[in-house]
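Novice: Same order as they appear, the protein sequences are chains E and C.
Sequential numbering from 141 applies to the first sequence in the numbering used here.
Sequential numbering from 672 applies to the second sequence in the numbering used here.
We treat Cβ as the ideally placed atom computed from N, Cα and C, and that holds for glycine.
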Amino acid sequence: GQSLEQPSEVTAVEGAIVQINCTYQTSGFYGLSWYQQHDGGAPTFLSYNGLDGLEETGRFSSFLSRSDSYGYLLLQELQMKDSASYFCAVRVAFSGNTPLVFGKGTRLSVIA
Amino acid sequence: DSGVTQTPKHLITATGQRVTLRCSPRSGDLSVYWYQQSLDQGLQFLIQYYNGEERAKGNILERFSAQQFPDLHSELNLSSLELGDSALYFCASSAGAGTGAYEQYFGPGTRLTVT
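(1) I want to see whether chain C comes within less than 8 Å of residue 241 of chain E, judged by CB atoms only; does it?
(2) Taking 8 Å as the CB-CB cut-off, is residue 699 of chain C touching chain E?
(3) Taking the straight line between their C-alpha atoms, what separation do you get for residue 154 of chain E and residue 244 of chain E?
(4) Evaluate residue 730 of chain C with the Cβ neighbour count: other Cβ atoms within 10 Å of its Cβ, from every protein chain shown; 16 or more gives buried, anything less gives exposed.
(5) If you drop the 5 nearest sequence neighbours on each side, which residues of the same chain put their C-beta closer than 7 Å to that of residue 741 of chain C?
(6) I need the boundaries of the beta strand (DSSP E) containing residue 704 of chain C, first residue and last residue.
(7) List the endpoints of the continuous beta strand (DSSP E) containing residue 744 of chain C.
(8) What does the Cβ neighbour count give for residue 246 of chain E, buried or exposed, with the cut at 16 atoms within 10 Å?
(9) Mind listing the chain C neighbours of residue 224 of chain E? Cutoff is C-beta to C-beta under 9 Å, in chain order.
(10) Do residue 213 of chain E and residue 157 of chain E come within 8 Å of each other at the CB atom, strictly closer than that value?
(11) What residue from E:181, E:251, E:250 and E:228 has the CA that sits closest to residue 143 of chain E's CA?
(12) Straight-line CA distance for residue 251 of chain E to residue 151 of chain E?
(13) Short of 8 Å Cβ to Cβ, which residues in the stretch 183 to 211 of chain E face chain C?
(14) When Cβ atoms are compared, which residues of the stretch 162 to 175 of chain E fall closer than 9 Å to chain C?
(15) Identify whether residue 754 of chain C lies in helix, strand or coil by the three-state DSSP scheme.
(16) If we count the other Cβ atoms within 10 Å of its Cβ and call it buried at 16 or more, is residue 187 of chain E buried or exposed?
(17) Within a Cβ cutoff of 8 Å, which residues of the same chain sit near residue 220 of chain E, ignoring the five residues on either side of it in sequence?
(18) Drop a sphere of 10 angstroms on the beta-carbon of residue 781 of chain C, count the other beta-carbons inside from all chains shown, and report buried for 16 or more, exposed for fewer.
(19) When you compare the CB positions of residue 751 of chain C and residue 721 of chain C, do they come within less than 8 Å of one another, or not?
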């Protein structure tokens, strides 16, 4: 089976930097994705790490260490609009294909 | 707007009933995924179709079934509904089936309430 662990809630100050961690236990790991979901909205894709290291997309960066079964999402220069839930998701071997398995999400609250 | 459409937006029905949720993927996407999201379980993968064929099955109950039609739209059928089936159901699409699956585009969801 697969399991993903991420903190349920994080609070950070506007303008600051926040890191959301994700640890996973899976078989047949292929990569780690991050999605953002605002209240009442649909998840939207943020980033993907198929290899170890850091991927940067504007204010967001994502990191993966396959040997540690660990990744994180880094949000810089936090804005109020970044208040949302963030999900890590792993691509795993699954009955011949590699769909995504999502963690339970981290609710980020950005305060003034 | 992701380009994925889902209907209806809201559905209220009684226990024991059957409902059908509909999804149209982004233009050009061949893969469709169905997810269930409830407060305590997060996003649960249900099933994936690629170009009309079932590709992967997750935590989908036997009371639930899905299919993808030749025009690539997909339907999720939920029968013998129970109170615990109340949730937000998302459809997502991606261009590919395997390597393309990490970047999925989600529809707005259908909120199902079973009373």
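Specialist: According to the data block:
(1) Mapped onto the first sequence, residue 241 of chain E falls at position 101. At least one chain C Cβ lies under 8 Å of residue 241 of chain E.
(2) Indexing the second sequence from 1 puts residue 699 of chain C at position 28. No - not a single Cβ of chain E is within 8 Å of the one on residue 699 of chain C.
(3) Taking the first residue of the first sequence as position 1, residue 154 of chain E is located at position 14. Taking the first residue of the first sequence as position 1, residue 244 of chain E is located at position 104. Pairing residue 154 of chain E with residue 244 of chain E, the inter-Cα distance amounts to about 24 Å.
(4) Counting from one through the second sequence, the residue named residue 730 of chain C turns up at place 59. Burial is judged here by how many other beta carbons sit within 10 angstroms of a residue's own beta carbon; residue 730 of chain C has fewer than 16 and is exposed.
(5) In the second sequence, the residue the question calls residue 741 of chain C occupies position 70. Closer than 7 Å at the Cβ level, and outside the excluded window around residue 741 of chain C, lie 723.
(6) For the purposes of this step, residue 704 of chain C is identified with residue 33 of the second sequence, where counting begins at 1. Note, residue 704 of chain C: beta strand (DSSP E), 702 to 709.
(7) Taking the second sequence and counting its residues from 1, the one referred to as residue 744 of chain C is at position 73. Unbroken run through residue 744 of chain C: none, as it is neither H nor E.
(8) Along the first sequence, read from residue 1 onward, the residue named residue 246 of chain E stands at position 106. Flag for residue 246 of chain E reads buried.
(9) Position 84 of the first sequence holds residue 224 of chain E. Going along chain C, no residue has its Cβ under 9 Å from residue 224 of chain E, so there is no contact; the nearest lies around 14 Å.
(10) Taking the first sequence and counting its residues from 1, one reaches residue 157 of chain E at position 17. Taking the first sequence and counting its residues from 1, one reaches residue 213 of chain E at position 73. For the pair residue 157 of chain E and residue 213 of chain E, the CB atoms are not nearer than the 8 Å cut-off.
(11) Residue mapping note: residue 143 of chain E aligns to position 3 of the first sequence, counting from 1. Ranking E:181, E:251, E:250 and E:228 by Cα distance to residue 143 of chain E puts E:228 first.
(12) Walking along the first sequence from the start, residue 251 of chain E turns up at place 111. Walking along the first sequence from the start, residue 151 of chain E turns up at place 11. Cα to Cα, residue 251 of chain E sits roughly 7 Å from residue 151 of chain E.
(13) Cβ contacts with chain C: 183, 184, 185, 188 and 190.
(14) Residues of the stretch 162 to 175 of chain E whose Cβ lies closer than 9 Å to any Cβ of chain C, in chain order: 170, 171, 172, 173 and 175.
(15) Here residue 754 of chain C refers to the residue found at position 83 of the second sequence. Helix.
(16) In the first sequence, the residue the question calls residue 187 of chain E occupies position 47. When all chains shown are included, residue 187 of chain E counts as buried.
(17) Sequence index remark: in the first sequence, residue 220 of chain E carries index 80 (1-based). Closer than 8 Å at the Cβ level, and outside the excluded window around residue 220 of chain E, lie 154, 250 and 252.
(18) Indexing the second sequence from 1 puts residue 781 of chain C at position 110. Flag for residue 781 of chain C reads buried.
(19) For the purposes of this step, residue 751 of chain C is identified with residue 80 of the second sequence, where counting begins at 1. For the purposes of this step, residue 721 of chain C is identified with residue 50 of the second sequence, where counting begins at 1. No; because the gap between Cβ atoms is not below 8 Å, this pair is not in contact.
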